[in-house]
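Read top to bottom, the protein sequences are chains P and L. All the letters of the first sequence, read from the start, carry residue numbers 0 to 401 under numbering that gives the first Met the number 0. All the letters of the second sequence, read from the start, carry residue numbers 0 to 253 under numbering that gives the first Met the number 0. Ideal Cβ placement from N, Cα and C applies to all residues, glycine included. Quick caveat, the model's predicted, so the values are computed rather than measured. Report on the following structure.
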Amino acid sequence: MNKFETLYEALANLDGFIYPNEIALNWDLLIVMYPYITGLVAGAFILASLNRVFDIKALRPTYEISLLTALAFMLVATMPLISHLGQPFRFYEMLITPHLTSAMAIFGFVYLWYLMVVLLLEIWFDYRYDMVIWSKEKKGFMRFVYRALTLWVLDTSHESRKTDEKIGYFITVVGIPSAFLLHGYVGFIFGSIKANPWWSTVMMPVIFLFSAMVSGIALVMFIYMGVNYLRRQKTDIFCLDTIAKYLFYILIIDFTLESLDQIHRIYEADESFDILKLLVRGKLFFTFFIMQIGLGTIIPLSVLGFLQFKKPRERIRKILYAIVSVCVLVGIFYMRWNVVIGGQLFSKSFYGFTSYKVDLIGGIDVWLSVLWFVIPFFILAFLLWLLPPWKKAEDLPQEKSL
Amino acid sequence: MAIEKKNFSRRDFIKQTSMFAGGVVFVSLINPMKVVYATKKPEGKGKWYGIAIDIEKCIGCANCARTCKIENDVHKEPFFFRNWVEQYTITNDEEILVSSPNGGIDGFEQPVPEEDIYKTFFVPKMCNHCTKSPCTQVCPVGASFESPEGIALVDQTYCIGCGYCVQACPYGCRYIDPDKGVVDKCTLCYHRLKDGLDPACMMACPTHARIYGDLNDKESEVSLFIKEHNCAVLKQQLNTVPKLYYNALSQEVH
Ligand code: SF4
Ligand code: SF4
């Protein structure tokens, strides 16, 4: 009986009428984590590309950190999805026999393309020269490891570095649309479900994309400060100011798009409007208005906006940036929550609501979600140890030809 | 029982991927409005099953729901149904009340005093076996599929339990079986149909409010019923093209 306890509780707390099969919410916290984590990846990568492709030099100190952060989160990005499956060990069926009319079936391929072709290659070309140098400095096992990582391409000539640089640049150029694709696509998984009016909007992929950028940039900003703090190094405040500026702009776009979506719904007021209005004002009030809009959008926008005009002392700015990045990260988490969980709280009959309580102590989904969020930080720590950005050789002097 | 279903092999996959990629480009050039997913109605004599439910005849006994649970070994808990009955009550104040306690299996109560009721009726629900079934469209592995007779089925040995189809069904007809971790839904008792028997719910209905049969055969009971009555389908605006027709369906029913 125990296993149905939460369902019986939900049943006792129904609001109006819902189809009997809808009481069991089948996409739980893990599916909230899935777009959240992929979003962080896409966002972190786009920050790296800003530096590389758009040549925004102030962002240079975060370039490697962004890439490694993207990689660390990318490595676990599929795990929330897989661990949520009723039959996790059959997940490979999706790769070997994908059903091509399904939006979800393509995820594996988009993922592999992005991980293998874009991220790993870009990092490899960026670090190849350094890994050769490190392999020469180290002894024993580590020497072997670095050598293996270079794939035995040991050329350190100026020409070879230039080639690395060129190919790396090319991959970043390919990478930007790929990152857009990755997360726009995740948005499409939800946006293409016509049965669910809360999800079904063409704006969904675009909104997902911009919120992804916002969250990824905030994450890198936070990690950059954190890493410097732990290493007792000075954080480049100019770099932080620049990140904050981009965060501000993209947050404005993100907020505008989301508002447009809501205004459109409110003005059109189609048959689903009444139930969605009740949903947002009732069940989602806290997570939508307080967490997503208030904490996650209004506060960061005001603080960042203020900092565009007035620059208080460095120390204060750093503290504000740290707070803002956490606010944004929490806000975007709740944005995913409002989409995934919110979309399942109202009945497709439009006559009522169910409820979802996170089972903080016993819920396996909670434990797994925390796990999938914490593991990337360990992976990142390992990557930073293995490929320390601060020990990299000087960049090649810029040539205008690129 | 052999269900005709294509299982993909790796070669098929490579072939299909390239065909799909080429196909998408080609189709969007030639025919940009073609739908991505729809089942093909069999040509010639092939059966094409449809269902008709006469709301005027339904007395809300929920024998269909009860029988279905037994016949198909559906979980007894009130969260899993292949088939259930809803009670609609519209009051004189135009308030719409809907209920389906344990899918109707435990019987219904009418909380509204009789003098306040404008109208009340029962709506039996089950899978609509949609022609353009979104559930089949979204399944990432092809475990959800349509039989050649137009019945929406699930290969449970193949389903990965992602729940995408549960989200995609506008009618709430699917659930994840908590023991098996795979999706379950109405099969129109495919196992019985194959043996020439009627689906359990059809047999259990004491008022003959439920009819099913071959829509391809214009003389079949179900075809004639649809012809002679003013029938409608649920959520027509979603263009899922259901093959479950209701007689005397009120517009309040979603
Ligand atoms: S009613 Fe739902 S489960 Fe049945 S075919 Fe239509 S979409 Fe699929
Ligand atoms: S739950 Fe099973 S049948 Fe449904 S979409 Fe996922 S794999 Fe397909």
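Expected contact under 8 Å - CB spacing of residue i and residue j to nearest Å
{"i": "T135(L)", "j": "E148(L)", "result": "So it is not a contact: roughly 14 Å between Cβ atoms."}
{"i": "V357(P)", "j": "L28(P)", "result": "6 Å"}
{"i": "F120(L)", "j": "V84(L)", "result": "That belief does not hold up - the Cβ atoms of F120(L) and V84(L) are roughly 11 Å apart, past 8 Å."}
{"i": "S222(L)", "j": "L233(L)", "result": "Not quite, the Cβ-Cβ distance comes to about 20 Å (not below 8 Å), so this is no contact."}
{"i": "D260(P)", "j": "M202(P)", "result": "5 Å"}
{"i": "S324(P)", "j": "F221(P)", "result": "4 Å"}
{"i": "Y157(L)", "j": "V140(L)", "result": "6 Å"}
{"i": "F247(P)", "j": "G295(P)", "result": "Actually they are not in contact, since the Cβ atoms of F247(P) and G295(P) sit about 14 Å apart, beyond 8 Å."}
{"i": "V213(P)", "j": "I331(P)", "result": "6 Å"}
{"i": "L243(L)", "j": "I69(L)", "result": "Contact doesn't hold; Cβ gap of about 22 Å is too wide."}
Within chain L, partners of residue i - CB distance below 9 Å
{"i": "S354(P)", "result": "By Cβ distance, chain L contributes nothing, its closest Cβ being about 14 Å from S354(P), past 9 Å."}
{"i": "M93(P)", "result": "P139, V140, I159 and C161"}
Exposure of residue i, with buried meaning 16 or more beta-carbon neighbours within 10 Å
{"i": "R65(L)", "result": "buried"}
{"i": "Q236(L)", "result": "exposed"}
{"i": "L401(P)", "result": "Bear in mind that the predicted position of L401(P) carries a pLDDT of just 43, short of 50, making it too unreliable to give a figure here."}
{"i": "I36(P)", "result": "buried"}
{"i": "N12(P)", "result": "exposed"}
{"i": "H253(L)", "result": "buried"}
{"i": "V327(P)", "result": "buried"}
{"i": "Q86(L)", "result": "buried"}
{"i": "P133(L)", "result": "buried"}
{"i": "E42(L)", "result": "exposed"}
{"i": "P110(L)", "result": "exposed"}
{"i": "Q291(P)", "result": "buried"}
{"i": "Q250(L)", "result": "exposed"}
{"i": "Q287(P)", "result": "As written in the sequence, residue 287(P) is Phe, which differs from the Gln given in the question. Buried."}
{"i": "S258(P)", "result": "exposed"}
{"i": "D364(P)", "result": "buried"}
{"i": "N71(L)", "result": "buried"}
{"i": "K124(L)", "result": "buried"}
{"i": "M0(L)", "result": "In this prediction, M0(L) scores a pLDDT of 44, lower than 50, which makes its location untrustworthy; the coordinate-derived value is nonetheless stated afterwards. Exposed."}
{"i": "G167(P)", "result": "buried"}
{"i": "N246(L)", "result": "buried"}
{"i": "S301(P)", "result": "exposed"}
{"i": "D125(P)", "result": "buried"}
{"i": "S156(P)", "result": "exposed"}
{"i": "L150(P)", "result": "exposed"}
{"i": "L382(P)", "result": "buried"}
{"i": "H207(L)", "result": "exposed"}
For residue i, the first and last residue of its enclosing beta strand (DSSP E)
{"i": "S191(P)", "result": "First-last for S191(P): undefined, no H or E at that position."}
{"i": "S65(P)", "result": "Where S65(P) is concerned, there is no enclosing beta strand (DSSP E), although the alpha helix (DSSP H) it sits in stretches over Y62 to V75."}
{"i": "E145(L)", "result": "S143 to E145"}
Beta-carbon neighbours of residue i, restricted to chain L and to distances below 8 Å
{"i": "G362(P)", "result": "What G362(P) touches in chain L: nothing, since even the nearest Cβ is about 15 Å away."}
{"i": "I192(P)", "result": "P133, V137, Q166 and A167"}
{"i": "G183(P)", "result": "What G183(P) touches in chain L: nothing, since even the nearest Cβ is about 17 Å away."}
{"i": "W26(P)", "result": "G162 and Q166"}
Neighbour list for residue i in chain P, Cβ cutoff strictly below 8 Å
{"i": "G102(L)", "result": "P19"}
{"i": "Q136(L)", "result": "T100 and S101"}
{"i": "E145(L)", "result": "Within chain P, no residue comes near E145(L); the closest Cβ sits about 12 Å away, beyond 8 Å."}
Per-residue contacts from residue i into chain P (C-beta, under 9 Å)
{"i": "F79(L)", "result": "P19, N20 and A23"}
{"i": "Y36(L)", "result": "T100"}
{"i": "S98(L)", "result": "F16"}
{"i": "W83(L)", "result": "Y18, P19 and N20"}
Extent of the continuous alpha helix (DSSP H) run through residue i
{"i": "T5(P)", "result": "E4 to A11"}
{"i": "M203(P)", "result": "M202 to L229"}
{"i": "T119(L)", "result": "Per DSSP, T119(L) belongs to no alpha helix (DSSP H); it is in the beta strand (DSSP E), I116 to M125."}
{"i": "R89(P)", "result": "It is not in any alpha helix (DSSP H) - R89(P) carries neither H nor E in the DSSP assignment."}
{"i": "I132(P)", "result": "L120 to E136"}
{"i": "T241(P)", "result": "I236 to E267"}
{"i": "W366(P)", "result": "I363 to L385"}
{"i": "L187(L)", "result": "Careful: L187(L) lies outside any alpha helix (DSSP H) and carries neither H nor E."}
{"i": "V84(L)", "result": "Premise fails: V84(L) lies in the beta strand (DSSP E), N82 to T90, not in any alpha helix (DSSP H)."}
{"i": "A199(L)", "result": "A199 to A203"}
{"i": "R51(P)", "result": "L28 to R51"}
Any non-hydrogen atom of ligand 4 within 6 Å of residue i CB
{"i": "C138(L)", "result": "In the structure shown, ligand 4 is absent; the only ligands present are ligand 1 and ligand 2."}
Chain L residues whose Cβ lies nearer than 7 Å to that of residue i
{"i": "N195(P)", "result": "Q166"}
Task: Short-range partners of chain L found in the stretch 1-24 of chain P, where Cβ spacing is below 7 Å - done: K2, F3, L6, L10, F16, Y18, P19, N20, E21, I22 and A23
- [ ] Taking a Cβ distance cut-off of 9 Å, strictly less, list which residues of the stretch 167-181 of chain L are near chain B, in chain order.
- [x] Structure shown: chain B not included; protein chains present are P and L.
Task: Against chain L: residues of the stretch 327-352 of chain P by CB proximity under 9 Å - done: G342, Q343, S346, K347, S348, F349, Y350 and G351
Open item on the list: By the 8 Å beta-carbon criterion, what residues does the stretch 147-160 of chain L contribute toward chain P?
Closed with: Y157, C158, I159 and G160
- [ ] May I ask you to list, following chain order, the residues of the stretch 58-92 of chain P that have a beta carbon less than 7 Å from some beta carbon of chain L?
- [x] L84, G85, Q86, R89, F90 and E92
TODO: Select from the stretch 228-253 of chain L all residues with a C-beta closer than 7 Å to any C-beta belonging to chain P, and list them in chain order.
DONE: L237 and H253
Open item on the list: What are the residues in the stretch 57-81 of chain L lying within 8 Å of chain P by C-beta distance?
Closed with: E76, P77, F78, F79 and F80
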